[in-house]
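Enquirer: I'd like to ask you about the structure that follows.
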Amino acid sequence: MDDGQNPRHDEFRKTLRTRHGVIIALANISPTVSIGIGLGFLAAVAGTSLPAAFLLAALPILAVSGGYARLAARDPNCGTAYVWVRRALGPWAGYLTGWTSVATNIMFLSYAGQLTGQFTLQLAHETGLFSTQSTLAVTLTGLLWTGLIVIGAVRGVKDATAVQSVLLGLSAVVVLTVVVTAFVRGDAAPVQVSWFSPFAFPDTLTLLSATVLAAYMFWGWESAFSVVEENAEARSSGRAGLIAIVVTLVLFLIGAAGFLHALTPGQLTDPLAGITELSRTFYGTGGAIAAIAAMLAATVACMQSSVIAGSRLTLAMGRDGVLGPSWARLHPSRRTPVTSTLRTAGLAVALSVAGLAVGELSEVVLAVVNSVGILVSLMYGIGGWACVITFRHELRGGRLRDILAVGVLPALGGTALLLLGGLVAYLQWTSVDHMAFDPENGRFLTALPLGAVLLGVPAAFWTRYRRKAAYFTQPASPLAPAPASVSAAAPMSASSSTGVSA
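Using the working numbering, you'd call the opening residue of the sequence shown number 130 and step up by one each time.
Given below as structure tokens:
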């Protein structure tokens with residue numbers, strides 16, 4: 130019987146390929162949006178060393194992604210790090226990893242919904258249809274987009290990635306056209322090799338600070354692993370994550386060099402002088418309209434990818450007894466996590482609506498999104514070490530390739546990301562001498578994400594002692610055996626791998 134066509138009632142269909150994972154990861158990273166409206170924030174710290182910051186940030190990300198690839202091949206579970214950290218460091222660390230991922234995903238979806246509303250209304254203004262930027266209009270427009278995104282996610286990943294590929298393609302064409310034009314027509318500064326050199330930073334603190342911010346802009350590559358149980362091959366997620374990181378790095382380097390060539394330092398560090406205004410300069414109002422449409426398309430694709438990844442994480446938590454069993458329910462015909470999808474999106478919508486009643490709440494959401502780099506670095510760092518600890522016994526007498534892939538590189542990458550996360554927390558906390566309810570206050574930006582993690586501690590106690598979740602009380606299922614004749618990275622059919630559902 131073909132499991133891909135006739136899965137059990139509680140299983141996903143295994144029909145996805147590497148290309149689907151690449152699209153999901155690229156959509157979640159959303160490099161075109163980062164180029165369009167995010168380079169200015171990084172340039173304010175990195176200056177002309179903008180490309181070098183991306184190169185440095187990519188190194189630990191790539192190192193950790195190799196560890197994720199091995200874990201996905203041997204332990205294919207849509208809970209990803211939530212399950213893998215539990216295996217390596219215990220259920221308390223795993224639970225807090227899952228809690229943090231869910232919290233940041235919901236906060237991001239609430240924020241991204243607002244962005245889709247803003248881009249839609251900006252597009253209406255530029256095209257002369259109507260003009261409004263009221264908070265109510267922005268929120269309601271974002272909610273409409275969220276509803277459409279949820280429908281697409283429930284219909285299935287293949288349909289969703291088909292839409293995402295079109296949206297990503299359109300946004301990439303626009304952004305790359307502007308960047309190429311910047312190379313051709315820009316004259317602010319000649320392209321220099323020193324832009325790509327880590328030795329060109331004025332001091333170590335600037336280098337580290339810029340690397341932290343650049344690493345945050347890669348956030349989302351791990352979403353390729355959220356569909357590991359739906360892959361025809363367990364290795365597909367590892368390939369997809371690697372391809373997405375490399376493609377993103379290339380786009381970042383090209384975009385950063387083009388903007389440095391075309392914009393003065395003052396223009397570059399002003400987020401308002403990003404892709405839209407550069408497009409307006411080169412191509413007039415039509416260029417500005419195309420740029421806003423590109424940002425809208427990429428943001429919609431990003432939201433859809435976040436819904437797909439987030440719903441599979443909460444499904445895994447429901448399956449393990451951490452959440453109610455209804456969270457693990459699959460659509461009877463489409464085999465998608467319909468309950469988790471609806472509830473994850475519903476929580477994000479509730480947060481957006483609450484922001485209308487409590488205006489300052491939207492500031493809190495923005496602050497968390499701006500400071501989530503701390504959590505991203507910590508989660509990736511812990512994930513890297515989870516790989517090292519999980520495969521520690523297999524490193525003895527192993528081949529050099531395996532020792533590097535599941536030992537040395539994840540350890541170095543994980544340590545670097547943990548240190549970077551700690552650094553940005555320290556820098557933000559010491560940047561001011563008082564706490565204030567302000568999305569620009571460094572201590573507020575540090576306390577919010579760390580407070581979100583701490584809130585998970587009482588929730589963990591309730592789940593362990595009141596709900597008595599199997600995740601806390603039962604041992605993890607054994608890893609799928611490593612192939613005997615080749616390394617653990619060799620192709621392994623997803624249908625022959627043992628999934629882990631504690």
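Glycine included, each C-beta is placed from N, C-alpha and C at the ideal position.
Just checking my contact of valine 231 with glycine 223 at CB under 8 Å: how many whole Å lie between their CB atoms?
Expert: Wrong, their Cβ atoms sit about 13 Å apart, outside the cutoff.
Enquirer: Closest to glutamine 247 by CA distance: which of Gly542, Val267 and Ser352 is it?
Expert: Minimum Cα distance to glutamine 247 is reached at Val267.
Enquirer: State the start and end residues of the unbroken alpha helix (DSSP H) segment that holds asparagine 157.
Expert: Per DSSP, asparagine 157 belongs to the alpha helix (DSSP H) from 147-158.
Enquirer: According to the Cβ coordinates, are serine 194 and isoleucine 374 closer than 7 Å?
Expert: A contact, by the Cβ cut-off of 7 Å.
Enquirer: Note down the Cα distance separating glycine 315 from alanine 344, rounded to an integer number of angstroms.
Expert: Straight-line Cα distance between these residues: approximately 27 Å.
Enquirer: Nearest CA to the CA of alanine 581: which residue from Gly527, Leu504, Arg525 and Trp591?
Expert: If we check each option's Cα against that of alanine 581, Leu504 comes out closest.
Enquirer: Helix, strand or coil: how does DSSP classify asparagine 206 here?
Expert: Residue state, collapsed to three classes: coil.
Enquirer: Using only the alpha-carbon positions, how far apart do methionine 508 and tyrosine 240 sit?
Expert: Cα-Cα distance, rounded: 20 Å.
Enquirer: In three-state DSSP terms, what is asparagine 570?
Expert: Coil at asparagine 570, not helix or strand.
Enquirer: State the Cα-Cα distance for the pair alanine 363 and arginine 284, rounded to the nearest angstrom.
Expert: C-alpha separation (whole angstroms): 23 Å.
Enquirer: Drop a sphere of 10 angstroms on the beta-carbon of leucine 237, count the other beta-carbons inside from all chains shown, and report buried for 16 or more, exposed for fewer.
Expert: Residue identity check: residue 237 is phenylalanine in the sequence provided, not leucine. The residue is buried, with at least 16 neighbouring Cβ atoms inside 10 Å.
Enquirer: Would valine 303 and alanine 391 be called neighbours here (beta carbons separated by less than 7 Å)?
Expert: No; because the gap between Cβ atoms is not below 7 Å, this pair is not in contact.
Enquirer: Let's test the definition: count the other Cβ atoms within 10 Å of the Cβ of leucine 145 and tell me whether it reaches 16, buried, or not, exposed.
Expert: Buried is the call here.
Enquirer: Buried or exposed: where does threonine 113 fall if 16 or more other Cβ atoms within 10 Å of its Cβ makes it buried?
Expert: With the chain covering only 130 through 631, there is no way to say anything about residue 113.
Enquirer: With the cut-off set at 7 Å, would you say serine 159 and cysteine 431 are in Cβ contact?
Expert: Result yes, Cβ atoms of serine 159 and cysteine 431 sit closer than 7 Å.
Enquirer: Is the Cβ-Cβ distance between alanine 154 and alanine 353 less than 7 Å?
Expert: Yes.
Enquirer: Alpha carbon to alpha carbon, what distance is there between asparagine 570 and serine 500?
Expert: When rounded, the distance between both Cα atoms is 11 Å.
Enquirer: For glutamine 134, name the three-state secondary structure that DSSP assigns.
Expert: With a pLDDT of 44 at glutamine 134, under the threshold of 50, the modelled position of that residue is not reliable, and the figure given next carries that caveat. If DSSP states are grouped into helix, strand and coil, glutamine 134 belongs with coil.
Enquirer: Under the rule that 16 or more other beta-carbon atoms within 10 Å means buried, what is phenylalanine 141, buried or exposed?
Expert: Looking at its Cβ environment, which holds 16 or more other Cβ atoms inside 10 Å, phenylalanine 141 is buried.
Enquirer: Quick check on this structure: which residue in Ile166, Gly150, His149 and Leu538 has the alpha carbon closest to the alpha carbon of alanine 423?
Expert: When each option's Cα is compared against that of alanine 423, the closest is Ile166.
Enquirer: Under DSSP, the alpha helix (DSSP H) around tryptophan 274 begins and ends at which residues?
Expert: Where tryptophan 274 is concerned, the enclosing alpha helix (DSSP H) stretches over 264-284.
Enquirer: Indicate whether glycine 447 and alanine 599 have their beta-carbon atoms separated by less than 7 Å.
Expert: Against a cut-off of 7 Å, the Cβ pair of alanine 599 and glycine 447 comes out as no contact.
Enquirer: Quick one: what's got a C-beta closer than 7 Å to leucine 380's C-beta in the same chain, skipping five residues either side?
Expert: Here the set comprises Pro160 and Ile164.
Enquirer: When the Cα atoms are used, what is the spatial distance from leucine 297 to alanine 156?
Expert: Looking at the two C-alpha atoms, the distance is approximately 7 Å.
Enquirer: Which one of Leu171, Gly271, Glu406 and Ala210 has the shortest CA to CA distance from alanine 426?
Expert: Comparing Cα-Cα distances from alanine 426 to each of Leu171, Gly271, Glu406 and Ala210, the minimum goes to Gly271.
Enquirer: For alanine 386, I'd like the list of residues in its chain whose CB is within less than 7 Å of its CB, leaving aside the five on either flank, ordered along the chain.
Expert: Result list for alanine 386: Pro180, Val320 and Trp324, in chain order.
Enquirer: Alpha carbon to alpha carbon, how far is threonine 405 from glycine 413? Give it in angstroms, no decimals.
Expert: Going by the C-alpha atoms only, they are around 10 Å apart.
Enquirer: Candidates Arg572, Ala554, Pro568 and Gly416: which alpha carbon is nearest aspartate 562's?
Expert: With distances taken between Cα atoms, aspartate 562 lies closest to Arg572.
Enquirer: How many whole angstroms separate the CB atoms of leucine 645 and alanine 311, which I take to be in contact at a CB cut-off of 8 Å?
Expert: Residue 645 lies beyond the residue range present for the chain, which begins at 130 and ends at 631; the question has no answer from this structure.
Enquirer: What separation, rounded to the nearest whole angstrom, lies between the Cα atoms of glycine 550 and proline 331?
Expert: Cα-Cα distance, rounded: 21 Å.
Enquirer: In whole angstroms, what separates the C-alpha of threonine 559 from that of valine 313?
Expert: Rounded to whole angstroms, threonine 559 to valine 313 spans 42 Å at the Cα level.
Enquirer: From the DSSP output, in three-state form, read off leucine 524 for me.
Expert: Residue state, collapsed to three classes: coil.
Enquirer: According to DSSP, is valine 451 helix, strand or coil?
Expert: Coil, per DSSP.
Enquirer: When you compare the segment 196-204 with the segment 591-598, are there three or more beta-carbon pairs, one atom per stretch, that lie closer than 8 Å?
Expert: Contact between the segment 196-204 and the segment 591-598 is absent, because fewer than three Cβ pairs lie under 8 Å.
Enquirer: At what residue ranges does the segment 168-192 contain a whole run of the alpha helix (DSSP H), taking only runs of 4 or more?
Expert: For the segment 168-192, whole alpha helix (DSSP H) runs of length 4 or above, ordered along the chain, are 168-175.
Enquirer: Taking the continuous alpha helix (DSSP H) assigned at aspartate 531, which residues delimit it?
Expert: Its alpha helix (DSSP H) spans residues 529-532.
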